[in-house]
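**Student:** Please read through the structure below; I'll follow up with questions.
Numbering (my numbering), first residue to last: 36 to 273.
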């Protein structure tokens, strides 16, 4: 049986990076592995669940929703048993899932509002992963959340300027202004190393703009940029 997997491959970086940065901000324990597997399966489950709101191929999407959600709940149940407060993070994610469901029902999956909602949810997972050990939301975990959210927002702006909004000058200036603002923000609060992690994003947003890059090449460069971001943040946290 061929697996029914999400087509948004760029979301995999959002799935992985905030979570493991949250772990790096604390100490890794064996339950983190179960928590991560459950988190991945939960993400896989949301793909067919959101497609249900389009009201097409309902039986097919319902089948795959259960295929993923049942093992996801099984894997998540063990970390939750050790740290029941993790349920509050799940509850906090529900409103953002409902926002994604609304956009899915309107066939507006590529809208900026939908992206912002998803990025917030992925970034929140970083706090949850660290909270499992710390049992509190520390300053480092807030930094992980902010850095992850701001980085992937920048990635969203950039990708749109390269594909769907490549002829939109106002969106170009919004993207460039955003990337510059984020760097200034980290400098102003004294986090120069985190600031350094965002410098490649600013350069690629300006240098690559208008270049005839295919969607595949844009994606490859984003993977490299995300890897740089992840490594620099790891240095900061460890």
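Positions of the beta carbon are idealized from the N, C-alpha and C atoms, including for glycine.
Fair warning: this is a prediction, and the values are worked out from it, not measured in the lab.
Please work out which residues of its chain come closer than 8 Å, Cβ to Cβ, to residue 235, disregarding the five sequence neighbours upstream and downstream, and give them in chain order.
**Tutor:** So the qualifying residues of the chain are 260, 263 and 264.
**Student:** Any chance you could list the alpha helix (DSSP H) runs of at least 4 consecutive residues sitting entirely within the stretch 126-206, in chain order?
**Tutor:** Qualifying alpha helix (DSSP H) stretches, in chain order: 147-169 and 174-197.
**Student:** In terms of alpha-carbon separation, which member of 181, 199 and 212 lies closest to residue 221?
**Tutor:** Here the closest residue by C-alpha is 181.
**Student:** Assess contact between the stretch 68-79 and the stretch 104-111, defined as three or more Cβ pairs (one per stretch) separated by less than 8 Å. Is contact present?
**Tutor:** Taking 8 Å as the limit for Cβ pairs, the verdict is that the stretch 104-111 does touch the stretch 68-79.
**Student:** For the stretch 190-198 and the stretch 83-90, state whether three or more C-beta atom pairs, one from each stretch, are separated by less than 8 Å.
**Tutor:** No, because fewer than three Cβ pairs between the stretch 190-198 and the stretch 83-90 fall closer than 8 Å, the two stretches do not touch.
**Student:** Looking at C-alpha atoms only, which residue of 49, 117, 113 and 153 is the closest neighbour of residue 132?
**Tutor:** Per the Cα distances, 153.
**Student:** Quick one: residues in its chain with C-beta nearer than 8 Å to the C-beta of residue 229, no 5 flanking neighbours on either side, listed in chain order?
**Tutor:** 178, 182, 221, 267, 268 and 271, listed in sequence order.
**Student:** Quick check: residue 167 and residue 70, are their CB atoms within less than 8 Å of each other?
**Tutor:** Contact: yes.
**Student:** Report, in whole angstroms, the separation of the C-beta atoms of residue 95 and residue 140, which I expect to be a contact under 8 Å.
**Tutor:** With 8 Å as the limit, residue 95 and residue 140 do not qualify as a contact, their Cβ atoms being about 17 Å apart.
**Student:** For residue 237 versus residue 219, is the C-beta spacing smaller than 8 Å?
**Tutor:** Against a cut-off of 8 Å, the Cβ pair of residue 219 and residue 237 comes out as no contact.
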